[in-house]
Amino acid sequence: METTSKGDRNPTSVRLLIQLERGGKWMTEKDVTINGKTTSQFLASVILDNLPPRPFNIRMVRETADSTTDQLQNKTLWSSYTEIIDVKQCYPNTAIVGLQVDAEQFGGQQMTVNYHIRGRIIQVPSNYDPEKRTYSGIWTAV
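Residue numbers (the working numbering): 5 to 146.
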């Protein structure tokens with residue numbers, strides 16, 4: 005965000021390069037430009053496909069020159085890294101929710117999501133076969 009001498013707040017942009025080291029050379033995987041204005045922290049996520057075998061090196065390079073005045077607030081920093089492994093996994097007795105939304109739908113602000121969960125905790129008989137949907141023997145209440 006840039007503040008004028010009259011106190012107006014104008015949007016600004018920052019250009020970043022997300023790079024991976026491949027074969028000893030840094031290769032740009034994503035060219036990211038963040039536009040807008042906010043007085044609070046803004047989080048952006050970038051998804052990279054076809055990652056090299058682990059371990060690998062990754063970095064963010066800021067192409068936009070650093071601010072030299074208090075009137076331009078566009079500091080950037082690397083906050084976190086998450087690897088998403090796209091495989092089928094089993095989470096017994098668990099409900100999982102995934103949510104992906106466009107930040108522009110929420111005015112570019114970081115959103116908060118709350119869930120009201122209703123349900124029951126029940127015991128499943130130890131002798132129950134969920135694939136065959138049958139019971140065998142005596143339930144041991146375990």
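Heads up, the beta-carbon is just placed ideally off N, CA and C, and yes, glycines get one too.
Using the Cβ count rule (16 or more neighbours within 10 Å means buried), how would you classify residue i?
i, result
"V18", "buried"
I'd like the span of the beta strand (DSSP E) that includes residue i, first residue to last.
i, result
"V101", "Looking at the DSSP string, V101 is not in any beta strand (DSSP E), and its letter there is neither H nor E."
Pull up the distance between the alpha-carbon of residue i and that of residue j, whole angstroms please.
i, j, result
"T68", "L20", "7 Å"
"N118", "Y132", "34 Å"
"M115", "S44", "12 Å"
"H120", "G102", "15 Å"
"P96", "N14", "50 Å"
"R122", "T98", "13 Å"
"E33", "L81", "18 Å"
"I88", "D53", "10 Å"
"S140", "K92", "29 Å"
"D70", "W30", "22 Å"
"R26", "S84", "21 Å"
"V105", "N61", "29 Å"
"L24", "D12", "39 Å"
"N78", "I22", "17 Å"
"A107", "I100", "22 Å"
Just grab the DSSP bridge partners of residue i for me.
i, result
"Q23", "T32 and R63"
"G40", "T16"
"D133", "T138"
Quick check: residue i and residue j, are their CB atoms within less than 8 Å of each other?
i, j, result
"V50", "V65", "no"
"W143", "P134", "no"
"T16", "L76", "yes"
"G40", "G112", "yes"
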